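Trainee:
In the UniProt record's numbering, the protein residues as written are 1 to 203.
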């Protein structure tokens, strides 16, 4: 049933094309996989053998570029992290569904269960409840959540959307998109005035 849901999107040149939701989600997953592999080649954070890493905040915003920290093995079957083969074992904890005082506890329990990576969505409609007004405080402080995971030696996979599904209202899309987009919501060729451009690029 889900694969039958179709969205109208606009390509460069103004021609309309119909794609399935599954095609869009597949493209998103591929994009984030490549981003997870390639981004550490620019910014990476080191951890010691005990998995404790740097203290929260130390070096987080001022990480210096260095050689790729995460690579793919020649046979394409493993990640190579800091020169050693490593399997990514991930569990989901959505920071916006957990009181900040419990983040450390929940992340420690995730690590204790044998996982080395936490993944989380980023709900657009929670962070931009009013057009142009962004909130990254309290339970929405995604940077603090990531730093807490870093302190515990965990990798983090961030899934910013803009559409996240996640049993979340409108899949994370804010109501403001309907005021700006009369004929489409999701587009591969967003103009500068599209609210998605401000959310993804500017923030």
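All residues carry an ideal CB built from backbone N, CA and C; glycine is no exception. Computed from a predicted structure; not experimentally measured.
Distance, Cα to Cα, residue 79 vs residue 92?
Mentor: In a straight line, the C-alpha of residue 79 is about 20 Å away from that of residue 92.
Trainee: From 137, 154 and 84, pick the residue whose C-alpha is nearest to that of residue 113; which is it?
Mentor: Nearest of 137, 154 and 84 to residue 113, Cα basis: 154.
Trainee: In whole angstroms, give me the CA-to-CA distance for residue 174 and residue 94.
Mentor: For residue 174 and residue 94, the distance between alpha carbons rounds to 18 Å.
Trainee: With 8 Å set as the bound, which would you pick, yes or no: does the beta-carbon of residue 94 sit closer than that to a beta-carbon of chain C?
Mentor: Included in the structure is just one protein chain, with no chain C present.
Trainee: Would you mind giving the Cβ-Cβ distance between residue 118 and residue 107, rounded to the nearest angstrom? I have them listed as a contact below 8 Å.
Mentor: The Cβ separation is near 6 Å, so the contact holds.
Trainee: What residue range does the alpha helix (DSSP H) around residue 145 cover?
Mentor: Per DSSP, residue 145 belongs to the alpha helix (DSSP H) from 142 to 151.
Trainee: With DSSP run on the structure shown, which of helix, strand or coil describes residue 108?
Mentor: Note: residue 108 maps to helix in three-state DSSP.
Trainee: By DSSP, does residue 85 sit in helix, in strand, or in coil?
Mentor: Three-state DSSP puts residue 85 in a strand.
Trainee: Going by C-alpha to C-alpha distance, which of 83, 96, 81 and 199 sits closest to residue 139?
Mentor: Ranking 83, 96, 81 and 199 by Cα distance to residue 139 puts 96 first.
Trainee: Please work out which residues of its chain come closer than 8 Å, Cβ to Cβ, to residue 141, disregarding the five sequence neighbours upstream and downstream, and give them in chain order.
Mentor: Around residue 141: 95 and 100.
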